[in-house]
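Numbering-wise (full-length UniProt numbering), the sequence shown opens with residue 1 and increments by one.
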Amino acid sequence: MGERDVHVPVLLERCLELLAPALARPGALYLDATLGLGGHAEAVLTAHPQARLLGLDRDPQALALAGKRLVPFADRIRLVHAVYDELPEVLGGERIDAGLFDLGVSSMQLDEAARGFAYAQDAPLDMRMDQTRGTTAAEVLNTYSHGDLARILRVYGEEKFASRIASSIVREREKSPLTSSARLAELVRESIPAPARRTGGHPAKRTFQALRIEVNRELAVLERAIPAALDALRPGGRLVVLSYHSLEDRLVKQAIAERTRSTVPVELPFEPPGSEPELRTLTRGAELPDAAETAANPRAASVRLRAVERKERRTSE
Numbered sequence: 001m002g003e004r005d006v007h008v009p010v011l012l013e014r015c016l017e018l019l020a021p022a023l024a025r026p027g028a029l030y031l032d033a034t035l036g037l038g039g040h041a042e043a044v045l046t047a048h049p050q051a052r053l054l055g056l057d058r059d060p061q062a063l064a065l066a067g068k069r070l071v072p073f074a075d076r077i078r079l080v081h082a083v084y085d086e087l088p089e090v091l092g093g094e095r096i097d098a099g100l101f102d103l104g105v106s107s108m109q110l111d112e113a114a115r116g117f118a119y120a121q122d123a124p125l126d127m128r129m130d131q132t133r134g135t136t137a138a139e140v141l142n143t144y145s146h147g148d149l150a151r152i153l154r155v156y157g158e159e160k161f162a163s164r165i166a167s168s169i170v171r172e173r174e175k176s177p178l179t180s181s182a183r184l185a186e187l188v189r190e191s192i193p194a195p196a197r198r199t200g201g202h203p204a205k206r207t208f209q210a211l212r213i214e215v216n217r218e219l220a221v222l223e224r225a226i227p228a229a230l231d232a233l234r235p236g237g238r239l240v241v242l243s244y245h246s247l248e249d250r251l252v253k254q255a256i257a258e259r260t261r262s263t264v265p266v267e268l269p270f271e272p273p274g275s276e277p278e279l280r281t282l283t284r285g286a287e288l289p290d291a292a293e294t295a296a297n298p299r300a301a302s303v304r305l306r307a308v309e310r311k312e313r314r315t316s317e
């Protein structure tokens with residue numbers, strides 16, 4: 001299995017540190033909303049022998065692999081094939097003590113060329129995290145209008161040359177359907193002026209990111225999922241979110257800010273019981289990986305970590 005065998009979960013020790021107080025309760029329920037290969041989950045279950053796991057993943061292949069990895073904990077785990085915005089239906093009213101979102105594309109999906117996520121390897125343009133349903137990247141590229149393609153690249157990829165790339169895609173598909181990740185990467189490279197190609201990594205990186213977000217509806221799903229997870233936290237419960245690009249992190253930051261900001265008028269000299277913010281932040285802004293983390297795990301380079309705790313309710317005397 002190669003890379004999977006040596007896969008290191010991102011910011012593992014920091015995540016364990018932040019979640020530990022909430023997982024110390026007997027029978028604590030830990031939500032891993034993006035189970036992936038189960039690295040974070042395995043560490044949590046090992047460190048907290050009384051904790052229970054609810055693991056979600058939209059990728060059936062990842063779910064199966066994580067299930068094999070977590071066999072030693074079989075009596076304490078429940079794994080569900082679901083997208084994380086389906087959390088309220090999965091929980092059915094149950095509350096969680098701790099939770100983790102490790103967003104973006106998983107190591108397994110990047111490493112398997114046939115999935116079409118990697119611009120450095122030729123593969124069919126799929127990019128679905130759940131290959132049992134949904135629209136593929138090829139369908140997006142071959143059916144969306146020039147305007148829609150440019151909008152996706154500009155908004156989701158923050159691509160300065162979105163319109164030029166969209167024009168190249170439209171011209172290409174008029175000759176024959178665009179189905180190859182290598183051909184798409186070549187089109188993007190040809191569409192970007194040479195001086196711009198020499199900075200910012202691979203020229204196709206932003207285009208592939210934008211397509212992945214569109215295909216999997218990642219931002220719309222996240223916008224629903226984070227508030228649902230915050231709603232599900234017990235008093236004293238904690239949630240950690242790992243984001244890998246600014247669009248994700250912005251949504252997470254906004255969802256947290258809405259619940260950590262006081263709504264009491266500034267002229268009022270005290271906070272009436274029940275009016276204080278329901279959450280407190282555990283990090284000062286977004287935490288970034290240190291040099292040691294990035295050296296040990298290059299995929300952690302762009303991560304931003306945010307964590308919150310639901311406050312214990314204060315009652316009036």
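Where a beta carbon is used, it is the ideal one built from N, C-alpha and C, also for glycine. Bear in mind that the values here come from a model prediction, so they are computed numbers and not experimental data.
What would DSSP say about residue 33, mapped onto helix, strand or coil? The residue labelled residue 33 in the question sits at position 33 within the sequence shown. DSSP places residue 33 in coil when its eight states are reduced to three.
Can you grab the Cα-Cα spacing for the pair residue 311 / residue 236, in whole Å? Residue 311 sits at position 311 when you count from the first residue of the sequence shown. Residue 236 sits at position 236 when you count from the first residue of the sequence shown. Taking the straight line joining both Cα atoms gives about 6 Å.
Quick check on the DSSP output: the alpha helix (DSSP H) that includes residue 46 runs from which residue to which? For this step, residue 46 is matched to residue 46 along the sequence shown. It spans 39–47 - the alpha helix (DSSP H) in which residue 46 sits, taken as one unbroken run.
Chain-order list of residues whose beta-carbon lies under 8 Å from that of residue 96 (same chain, five-residue window excluded): Mapped onto the sequence shown, residue 96 falls at position 96. If we look at residue 96 and ignore the five residues flanking it on each side, its Cβ neighbours are 29, 30, 31, 54, 229, 232, 233, 234, 237.
DSSP state of residue 312, grouped into three classes? What you label residue 312 is simply residue 312 of the sequence shown in a count that begins at 1. Looking at residue 312 - three-state DSSP - the assignment turns out to be coil, as it is neither helix nor strand.
Residue 64 CB to nearest chain D CB: under 8 Å? Absent from the structure is chain D; it holds one protein chain and no more.
Return the CA-CA distance between residue 337 and residue 207, expressed in angstroms with no decimal places. The structure shown does not extend to residue 337, since the chain spans only 1 to 317, so no value can be given for it.
Could you tell me whether the Cβ atoms of residue 56 and residue 240 are closer together than 8 Å? Your numbering for residue 56 matches position 56 in the sequence shown. Your numbering for residue 240 matches position 240 in the sequence shown. No, the Cβ-Cβ distance between residue 56 and residue 240 is not below 8 Å.
Inter-residue Cα distance where the pair is residue 221 and residue 82: Against the sequence shown, residue 221 aligns to sequence position 221. Against the sequence shown, residue 82 aligns to sequence position 82. For residue 221 and residue 82, the distance between alpha carbons rounds to 12 Å.
Classify residue 254: buried if its beta carbon has 16 or more other beta carbons within 10 angstroms, exposed otherwise. Reading the sequence shown from its first residue, position 254 is the one you call residue 254. Looking at its Cβ environment, which holds fewer than 16 other Cβ atoms inside 10 Å, residue 254 is exposed.
For residue 164, name the three-state secondary structure that DSSP assigns. Taking the first residue of the sequence shown as position 1, residue 164 is located at position 164. DSSP places residue 164 in helix when its eight states are reduced to three.
When the Cα atoms are used, what is the spatial distance from residue 246 to residue 300? Stepping through the sequence shown from its first residue, residue 246 is reached at position 246. Stepping through the sequence shown from its first residue, residue 300 is reached at position 300. Their backbone Cα atoms lie some 14 Å apart in a straight line.
Nearest neighbour of residue 146, chosen from 165, 158, 129 [CA to CA]: For the purposes of this step, residue 146 is taken as the residue at position 146 of the sequence shown. With distances taken between Cα atoms, residue 146 lies closest to 165.
In the DSSP assignment, the beta strand (DSSP E) including residue 81 goes from what residue to what residue? Numbered from its first residue, the sequence shown carries residue 81 at position 81. Looking at the DSSP string, the run of the beta strand (DSSP E) that includes residue 81 is 77–81.
Using only alpha-carbon positions, find the residue among 243, 150, 278 that is nearest to residue 257. Looking up residue 257 in the sequence shown gives position 257. For residue 257, the nearest C-alpha among the options comes from 278.
The beta strand (DSSP E) that contains residue 280, what's its start and end? One-based indexing of the sequence shown puts residue 280 at position 280. Residues 279–281.
Considering only C-alpha positions, which residue in the set 47, 23, 103, 183 is nearest to residue 303? Here the question's residue 303 lines up with position 303 in the sequence shown. Looking at the Cα atoms, 103 is the closest of the given residues.
Below 8 Å between beta carbons: does that hold for residue 63 and residue 91? Counting from 1 along the sequence shown, the entry for residue 63 is found at position 63. Counting from 1 along the sequence shown, the entry for residue 91 is found at position 91. Taking 8 Å as the Cβ cut-off, residue 63 and residue 91 do not qualify as a contacting pair.
Ordered along the chain, which non-local residues of its own chain (more than five positions away) have a Cβ less than 8 Å from that of residue 16? In the sequence shown, counting from the first residue as 1, residue 16 sits at position 16. Answer for residue 16: 43, 44, 47, listed in chain order.
Following the continuous alpha helix (DSSP H) through residue 181, name the residue where it begins and the one where it ends. As a first step, residue 181 is located in the sequence shown; it is residue number 181 there, counting from the start. Counting along the chain, the alpha helix (DSSP H) containing residue 181 begins and ends at 181–191.
Length of the line joining the Cα atoms of residue 51 and residue 79: In the sequence shown, the residue the question calls residue 51 occupies position 51. In the sequence shown, the residue the question calls residue 79 occupies position 79. One C-alpha to the other measures close to 14 Å.
Suppose you measure from the CA of residue 68 to the CA of residue 280; what does that come to, to the nearest Å? Taking the sequence shown and counting its residues from 1, the one referred to as residue 68 is at position 68. Taking the sequence shown and counting its residues from 1, the one referred to as residue 280 is at position 280. C-alpha separation (whole angstroms): 36 Å.
Please work out which residues of its chain come closer than 6 Å, Cβ to Cβ, to residue 216, disregarding the five sequence neighbours upstream and downstream, and give them in chain order. For the purposes of this step, residue 216 is taken as the residue at position 216 of the sequence shown. Excluding positions up to five away in sequence, the list reads 129.
I need the straight-line Cα distance from residue 37 to residue 293, nearest angstrom please. Taking the first residue of the sequence shown as 1, we reach residue 37 at position 37. Taking the first residue of the sequence shown as 1, we reach residue 293 at position 293. Residue 37 and residue 293: Cα-Cα distance of roughly 19 Å.
Can you tell me whether residue 214 is buried or exposed, with buried defined as 16 or more other CB within 10 angstroms of its CB? Within the sequence shown, numbered from 1, the residue matching residue 214 stands at position 214. Burial call: buried.
Identify every run of the beta strand (DSSP E) within the segment 95–152, keeping only runs that are complete inside it and at least 3 residues long; order them along the chain. 96–102
Write down the C-beta distance between residue 162 and residue 171 rounded to the nearest angstrom, noting that I regard them as a contact closer than 8 Å. Walking along the sequence shown from the start, residue 162 turns up at place 162. Walking along the sequence shown from the start, residue 171 turns up at place 171. Wrong, their Cβ atoms sit about 15 Å apart, outside the cutoff.
Residue range of the unbroken alpha helix (DSSP H) whose run includes residue 18: Here residue 18 is taken as the residue at index 18 of the sequence shown, counted from 1. From DSSP, the alpha helix (DSSP H) with residue 18 extends over 12–23.
Give me the Cα-Cα distance between residue 142 and residue 177, rounded to the nearest whole angstrom. Here residue 142 is taken as the residue at index 142 of the sequence shown, counted from 1. Here residue 177 is taken as the residue at index 177 of the sequence shown, counted from 1. Going by the C-alpha atoms only, they are around 6 Å apart.
Assigned secondary structure, residue 194 (DSSP; H/G/I helix, E/B strand, else coil): For this step, residue 194 is matched to residue 194 along the sequence shown. Residue 194 falls in the helix class under three-state DSSP.
Ordered along the chain, which non-local residues of its own chain (more than five positions away) have a Cβ less than 8 Å from that of residue 195? Translated into the one-based positions of the sequence shown, residue 195 becomes position 195. Nothing listed; no residue qualifies.
Out of 58, 59, 33, 74, which has the shortest C-alpha to C-alpha gap to residue 49? Here residue 49 corresponds to residue number 49 of the sequence shown, with the count starting at 1. With distances taken between Cα atoms, residue 49 lies closest to 74.
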